[in-house]
Amino acid sequence: MALLEVRNLRIRYRTKKGEVHAVDDVSFTLERGEALGLVGESGCGKTTLALALMRLLPENAYVLGGEILFQGRNLLELSEEEMRRVRWKGIAMVFQAAMNSLNPVYRVGDQIIEAIQTHQGDAFSIEEARKKVRELFELVGLNPRRMNDYPHEYSGGMRQRAVIAMALACDPAVIIADEPTTALDVIIQDRILRRLDKIRAQLNMGVIYISHDIAVIAEVSHKVGIMYAGNLVEIGPTAEIFQNPHHPYTAGLMSAFPSIRGEKRELTTIPGEPPNLLTPPPGCRFHPRCPYATAVCREKVPPLEVFEGEHRAACWHPLNA
Ligand SMILES: Nc1ncnc2c1ncn2[C@@H]1O[C@H](COP(=O)(O)OP(=O)(O)OP(=O)(O)O)[C@@H](O)[C@H]1O
Ligand code: SF4
Ligand SMILES: [Mg+2]
138 MALLEVRNLR IRYRTKKGEV HAVDDVSFTL ERGEALGLVG ESGCGKTTLA
188 LALMRLLPEN AYVLGGEILF QGRNLLELSE EEMRRVRWKG IAMVFQAAMN
238 SLNPVYRVGD QIIEAIQTHQ GDAFSIEEAR KKVRELFELV GLNPRRMNDY
288 PHEYSGGMRQ RAVIAMALAC DPAVIIADEP TTALDVIIQD RILRRLDKIR
338 AQLNMGVIYI SHDIAVIAEV SHKVGIMYAG NLVEIGPTAE IFQNPHHPYT
388 AGLMSAFPSI RGEKRELTTI PGEPPNLLTP PPGCRFHPRC PYATAVCREK
438 VPPLEVFEGE HRAACWHPLN A
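Going by the numbering used here, 217 is the number at position 80 of the sequence shown; the sequence numbering is gapless.
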């Protein structure tokens, strides 16, 4: 049994203009100690997927189908009460732009103490919670003496470490980091990801890194999933995704990133735009941009098929296969 298994997940948003097909038929697994990177352009459904795993989707969202199995239990079937025992303790999340979400009027340490006490109830006295925060500070590479400082006394990198500490507060088995470093400079990004990677190994956690920039997360991800317009179009071991991409979209991303270690670039080299998810194209959603598209691509949705081992891709005319 996988630590986390997502099966055929489909999520929509109701809007005045119609239904946004934000996540469609997404499946993957995550094991203990494993790091999965999820990559794709803005609006492809990364955050929607992450919020669904936490059961924190906005009011206008609904799950149309699929399963989210955490330690074998389908989270979509739990009551809110049962879900409260899973959220933060089983699966925790560092939200997109979280470093700006620290409350400016409270000391950073106190905010984490409060988070611990809120989620753990009476299990921790103030003193125990304070001790835990000290440990968490050390874990994420913050000097525990800075516990009593206010957020504005922290650099951006320190604030991001603090929100990671907060997500780790209840010893989760899975941590989802949604664009954990986007606002930071490259060297700080790299340091924070390496630290998080060390923590993953030390605590044997499953980690899902989310980014629009594959170069940022490739080095710390065992496997990479590529999302396009609400679909997971390819997933596999990181080296294979780079060396032997089967989906033309993945191949396009790779040519935008000639080197994993190269300078940061935006995903702008594939001509065209992702579709409006109110009216996604029929068949393969990438077909309007795909140089290899044929009639079948315009009509039938390609299934996510196994190529070698754990490497899967959804394409009627796969490359290098
Ligand atoms: N609350 C909402 N109501 C309606 N539509 C939404 C809502 N939140 C997101 N969407 C739409 O759902 C789709 C997926 O959005 P999502 O935020 O999950 O993408 P993302 O991959 O996280 O993008 P980014 O890289 O910009 O963070 C987009 O088309 C977006 O416009
Ligand atoms: S299914 Fe067709 S349109 Fe879609 S990526 Fe493959 S070749 Fe291109
Ligand atoms: Mg997002």
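Yeah, the Cβ is synthetic: ideal placement off N, Cα and C, and Gly gets one too.
Quick check: residue i and residue j, are their CB atoms within less than 8 Å of each other?
| i | j | result |
| --- | --- | --- |
| residue 348 | residue 371 | no |
| residue 367 | residue 160 | yes |
| residue 246 | residue 285 | yes |
| residue 443 | residue 420 | no |
| residue 428 | residue 412 | no |
| residue 334 | residue 235 | no |
| residue 323 | residue 239 | no |
| residue 353 | residue 326 | yes |
| residue 441 | residue 262 | no |
| residue 166 | residue 188 | no |
| residue 364 | residue 154 | no |
| residue 212 | residue 223 | yes |
| residue 320 | residue 293 | yes |
| residue 248 | residue 266 | no |
| residue 277 | residue 250 | no |
| residue 289 | residue 377 | no |
Smallest Cα separation from residue i: which of the options?
| i | options | result |
| --- | --- | --- |
| residue 202 | 224, 228 and 145 | 145 |
| residue 174 | 440, 308, 375 and 409 | 375 |
| residue 147 | 185, 264, 170 and 337 | 185 |
| residue 237 | 291, 332, 278 and 434 | 291 |
| residue 244 | 274, 287, 257 and 260 | 287 |
| residue 195 | 168, 254 and 152 | 152 |
| residue 356 | 365, 364 and 332 | 332 |
| residue 221 | 258, 197, 200 and 270 | 258 |
| residue 156 | 182, 168 and 198 | 198 |
| residue 446 | 381, 295 and 272 | 381 |
| residue 233 | 346, 418 and 328 | 346 |
Please report the distance separating the alpha-carbon of residue i from that of residue j.
| i | j | result |
| --- | --- | --- |
| residue 158 | residue 207 | 24 Å |
| residue 143 | residue 193 | 16 Å |
| residue 405 | residue 177 | Confidence in residue 405 is poor, its pLDDT being 47 and thus under 50, which makes the residue's placement too unreliable to answer from. |
| residue 398 | residue 351 | A caution first: residue 398 carries a pLDDT of 41, below 50, which makes its placement in the model unreliable, though a value can still be read off. Taking the straight line from one Cα to the other gives about 10 Å. |
| residue 217 | residue 229 | 16 Å |
| residue 386 | residue 434 | 14 Å |
| residue 180 | residue 307 | 30 Å |
| residue 205 | residue 190 | 7 Å |
| residue 139 | residue 407 | 35 Å |
| residue 274 | residue 362 | 31 Å |
| residue 336 | residue 170 | 10 Å |
| residue 456 | residue 303 | 43 Å |
| residue 416 | residue 423 | 13 Å |
| residue 305 | residue 149 | 30 Å |
| residue 432 | residue 298 | 49 Å |
| residue 379 | residue 390 | 9 Å |
| residue 430 | residue 162 | 21 Å |
| residue 396 | residue 358 | For residue 396, the predicted model reports a pLDDT of 44, less than 50, meaning its position is unreliable; a value from the coordinates is still stated below. Approximately 16 Å, taken between the alpha carbons. |
| residue 227 | residue 282 | 29 Å |
| residue 451 | residue 392 | 19 Å |
| residue 313 | residue 436 | 35 Å |
| residue 241 | residue 383 | 47 Å |
| residue 100 | residue 252 | Nothing in the structure corresponds to residue 100, since the chain is present only between 138 and 458. |
| residue 402 | residue 318 | Caution applies to residue 402, whose pLDDT of 46 falls short of 50 and renders its modelled position unreliable; the value that the coordinates give is listed next. Going by the C-alpha atoms only, they are around 15 Å apart. |
| residue 453 | residue 272 | 51 Å |
| residue 418 | residue 256 | 43 Å |
| residue 268 | residue 360 | 35 Å |
| residue 215 | residue 260 | 23 Å |
| residue 373 | residue 264 | 45 Å |
According to DSSP, which residues form a beta bridge with residue i?
| i | result |
| --- | --- |
| residue 365 | 368 |
| residue 165 | 143 |
| residue 152 | 155 |
| residue 211 | 206 |
| residue 345 | 173 and 313 |
| residue 449 | 372 and 443 |
| residue 230 | 313 |
| residue 198 | 150 |
| residue 224 | 228 |
| residue 160 | 148 |
ask   = Whose CB is closer than 5 Å to a heavy atom of ligand 2? List the residues in chain order.
value = Result: 385, 421, 423, 424, 427, 429, 430, 434, 439, 452, 453 and 454.
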